[in-house]
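*Asks:* One structure follows; several queries about it will come next.
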Amino acid sequence: MSLFWRIFGLNAVVLGTATALLLLAPVTVSVPVVLTEAVILVCGLIVMLVANAALLRWGLSPLERVTRLMTTVDLLRPGQRIAADLGQGGEVAELTRTFNAMLDRLESERAASSARVLMAQEAERRRIAHELHDEVGQSMTAILLALERVADESDEPLHGELRQIQEITRASLDEVRRLVRRLRPGVLDDLGLVSALTSLTNDFATHAGLRVRRRIDADLPALDRETELVLYRVAQESLTNVARHADATHVEVSLRRAGDTVELAVADDGRGTAATCEGAGIRGMRERALLIGATFDIAPAPGAGTRVRLTVPVIRKPS
1 MSLFWRIFGL NAVVLGTATA LLLLAPVTVS VPVVLTEAVI LVCGLIVMLV
51 ANAALLRWGL SPLERVTRLM TTVDLLRPGQ RIAADLGQGG EVAELTRTFN
101 AMLDRLESER AASSARVLMA QEAERRRIAH ELHDEVGQSM TAILLALERV
151 ADESDEPLHG ELRQIQEITR ASLDEVRRLV RRLRPGVLDD LGLVSALTSL
201 TNDFATHAGL RVRRRIDADL PALDRETELV LYRVAQESLT NVARHADATH
251 VEVSLRRAGD TVELAVADDG RGTAATCEGA GIRGMRERAL LIGATFDIAP
301 APGAGTRVRL TVPVIRKPS
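Numbering (the UniProt record's numbering), first residue to last: 1 to 319.
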């Protein structure tokens, strides 16, 4: 039965019942209307409206359930669908099927657009890193050499001041090189994921002042470059969030094989998930996870703190 005929039928039941009661009940209406008769008519109207409202709420409940489920759907958490049995036939069932089909299209288009955006982002990172290394880095190196030459030929107190400027320039050059490594992890391309994560955690421990523990399995399967880049970026963003928001003292980074998956986990002992909000960084990690068909979740860490986990399916090559 369609939604139109369902509502029409419910109203017909209410009106038919009211008409039958008027015909069969020993109640008459005088002219002019007597007060008691008016009270009876008003009470009958109220009963009829309440019955109509209750029946309509029962008849439209499938549509309300479908609408309520629609509001919970998030494209960054794919696979959410409305169960077909909620529609109970008619237009609601058609709405359910159409909405699920729309989700299929949107998730596919979102994955494709996210892939293009992330590839463009990585290309821009490489370009900026290249310019920092070749332009800014070389210019600062030339300045450093010139300062060293002038400092060697100068007398005090100018010699001491030039040495101080030289140390400031050297520290700035080191910071530029660190930014280049963050923008373009050359060690990932040259030595692989394990070495890149080792370098990342060592650099993080040095600059953030936190204790970092690594747990990396030795029997990790071979991963393609795109998957390794996603794992590296998720670890990088997770450590950045720990330094900025977690107020933690200890961080554990683990990369292990679990059956047909590879699991990356970053756990801290900070303030926990109550302080975690879905900002641009977390949504960016979710989009990267969708790019490689991985599962991303944030949950309380054992004891205290927050744990970020990325589970990547491993594609087995035919033997």
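Beta carbons: idealized from backbone N, C-alpha and C, even for Gly.
Please report the distance separating the alpha-carbon of Arg233 from that of Arg244.
*Replies:* Locating residue 233 in the sequence shown gives position 233, where the first residue counts as 1. Locating residue 244 in the sequence shown gives position 244, where the first residue counts as 1. Taking the straight line from one Cα to the other gives about 16 angstroms.
*Asks:* What residues in its chain sit with their C-beta under 6 angstroms from that of His250, if we drop five residues either side in the sequence?
*Replies:* Residue 250 sits at position 250 when you count from the first residue of the sequence shown. Arg211, Asp269, listed in sequence order.
*Asks:* Count the other CB atoms, across all protein chains shown, that sit within 10 Å of the CB of Leu21; report buried if there are 16 or more and exposed otherwise.
*Replies:* Here residue 21 corresponds to residue number 21 of the sequence shown, with the count starting at 1. Leu21 is exposed by the Cβ-count criterion.
*Asks:* Is Pro78 buried or exposed, if buried means 16 or more other CB atoms sit within 10 Å of its CB?
*Replies:* Taking the first residue of the sequence shown as position 1, residue 78 is located at position 78. By the 10 Å Cβ count, Pro78 comes out buried.
*Asks:* Measure the C-alpha to C-alpha separation of Gly87 and Ala12 and round it to an integer number of angstroms.
*Replies:* Here residue 87 refers to the residue found at position 87 of the sequence shown. Here residue 12 refers to the residue found at position 12 of the sequence shown. With a pLDDT of 46 at Gly87, under the threshold of 50, the modelled position of this residue cannot be trusted; read the value that follows with caution. Answer to the nearest angstrom: the Cα atoms are 23 angstroms apart.
*Asks:* Can you round the beta-carbon distance between Val176 and Val136 to whole angstroms, since I take them to be within the 8 angstroms contact cut?
*Replies:* Within the sequence shown, numbered from 1, the residue matching residue 176 stands at position 176. Within the sequence shown, numbered from 1, the residue matching residue 136 stands at position 136. Right, the Cβ-Cβ distance comes to about 6 angstroms (below 8 angstroms), so this counts as a contact.
*Asks:* Take the Cβ of Ala275 as the centre, count every other Cβ of all protein chains shown within 10 Å, and call the residue buried at 16 or more, exposed below.
*Replies:* Against the sequence shown, residue 275 aligns to sequence position 275. Any reading at Ala275 must be qualified, since the residue scores a pLDDT of 48, below 50, and its modelled position is unreliable; the value itself is stated next. Ala275 comes out exposed.
*Asks:* Please state the DSSP three-state secondary structure of Gly87.
*Replies:* As a first step, residue 87 must be located in the sequence shown, where it is residue number 87. At Gly87 the pLDDT is 46, less than 50, meaning the model places this residue with poor confidence; the figure from the coordinates comes in the next sentence. Here Gly87 sits in coil by DSSP.
*Asks:* Say whether chain D places a C-beta atom closer than 7 angstroms to the C-beta of Thr240.
*Replies:* Protein chain content of the structure displayed is limited to a single chain, and chain D is not contained in it.
*Asks:* Hey, would you say Arg257 sits closer than 7 angstroms to Leu220, going by beta carbons?
*Replies:* Translated into positions along the sequence shown, residue 257 becomes position 257. Translated into positions along the sequence shown, residue 220 becomes position 220. Yes. Within cutoff.
*Asks:* Nearest by alpha-carbon distance to Met119: which of Phe296, Val266, Leu229, Gly259 is it?
*Replies:* Residue 119 sits at position 119 when you count from the first residue of the sequence shown. The shortest C-alpha separation from Met119 is found at Leu229.
*Asks:* Near Thr185, which residues of its chain fall below 7 angstroms by C-beta distance, leaving aside the five closest residues on each side in sequence?
*Replies:* For the purposes of this step, residue 185 is taken as residue 185 along the sequence shown, with counting starting at 1. Note that residue 185 corresponds to Pro in the displayed sequence, not to Thr. Here the set comprises Ala196, Tyr232.
*Asks:* Based on DSSP bridge pairs, tell me the residues matched to Glu252.
*Replies:* Indexing the sequence shown from 1 puts residue 252 at position 252. Arg213, Ala267, per the DSSP bridge assignment.
*Asks:* How is the alpha helix (DSSP H) around Leu176 delimited, first residue to last?
*Replies:* If you number the sequence shown from 1, residue 176 lands on position 176. The amino acid at residue 176 is misidentified as Leu; the sequence shows Val. It spans 158 to 183 - the alpha helix (DSSP H) in which Val176 sits, taken as one unbroken run.
*Asks:* Hey, how far is the Cα of Ala53 from the Cα of Thr96?
*Replies:* On the sequence shown, position 53 is the one that residue 53 refers to. On the sequence shown, position 96 is the one that residue 96 refers to. Taking the straight line from one Cα to the other gives about 24 angstroms.
*Asks:* Figure out for me which residue from Thr261, Val266, Asn241 has the closest Cα to the Cα of Glu252.
*Replies:* Here residue 252 refers to the residue found at position 252 when the sequence shown is read from its first residue. Of the listed residues, the one whose Cα sits closest to Glu252 is Val266.
*Asks:* What did DSSP end up calling residue 321 once you bin it into helix, strand or coil?
*Replies:* Examination of residue 321 is not possible in this model, given that the chain is present from 1 through 319 alone.
*Asks:* Quick one: measure Cβ to Cβ for Thr311 and Glu237, integer angstroms, because I've assumed they're closer than 8 angstroms.
*Replies:* Your numbering for residue 311 matches position 311 in the sequence shown. Your numbering for residue 237 matches position 237 in the sequence shown. Rounded, the Cβ-Cβ distance is 16 angstroms, inconsistent with contact.
*Asks:* Could you compute how far the alpha carbon of Thr227 sits from the alpha carbon of Ala51?
*Replies:* Translated into positions along the sequence shown, residue 227 becomes position 227. Translated into positions along the sequence shown, residue 51 becomes position 51. Their Cα atoms are separated by approximately 60 angstroms.
*Asks:* Of all the options Leu162, Gly160, Ala246, which has the alpha carbon lying nearest to the alpha carbon of Ala208?
*Replies:* Here the question's residue 208 lines up with position 208 in the sequence shown. Selected option, being the one with the closest Cα: Ala246.
*Asks:* Given a cut-off of 7 angstroms on the beta-carbon distance, is the pair Ala115 and Leu291 in contact?
*Replies:* Here residue 115 refers to the residue found at position 115 of the sequence shown. Here residue 291 refers to the residue found at position 291 of the sequence shown. The answer is yes: Cβ separation under 7 angstroms.
*Asks:* Take the Cβ of Asn241 as the centre, count every other Cβ of all protein chains shown within 10 Å, and call the residue buried at 16 or more, exposed below.
*Replies:* Here the question's residue 241 lines up with position 241 in the sequence shown. With 16 or more other Cβ atoms within 10 Å, it is buried.
*Asks:* DSSP three-state call for Val73: helix, strand or coil?
*Replies:* One-based indexing of the sequence shown puts residue 73 at position 73. Val73: coil per DSSP, three-state reduction.
*Asks:* Rounded to whole angstroms, what is the Cα-Cα separation between Asp174 and Gly160?
*Replies:* Taking the sequence shown and counting its residues from 1, one reaches residue 174 at position 174. Taking the sequence shown and counting its residues from 1, one reaches residue 160 at position 160. Approximately 21 angstroms, taken between the alpha carbons.
*Asks:* Can you find the residues in the same chain that come closer than 8 angstroms, C-beta to C-beta, to Asp217, ignoring five residues on each side of it along the sequence?
*Replies:* Residue mapping note: residue 217 aligns to position 217 of the sequence shown, counting from 1. So the list reads Leu255, Arg256, Arg257, once near-sequence residues are dropped.
*Asks:* From which residue to which residue does the beta strand (DSSP E) around Ile143 run?
*Replies:* In the sequence shown, counting from the first residue as 1, residue 143 sits at position 143. Segment 138 to 153 is the alpha helix (DSSP H) holding Ile143; no beta strand (DSSP E) there.
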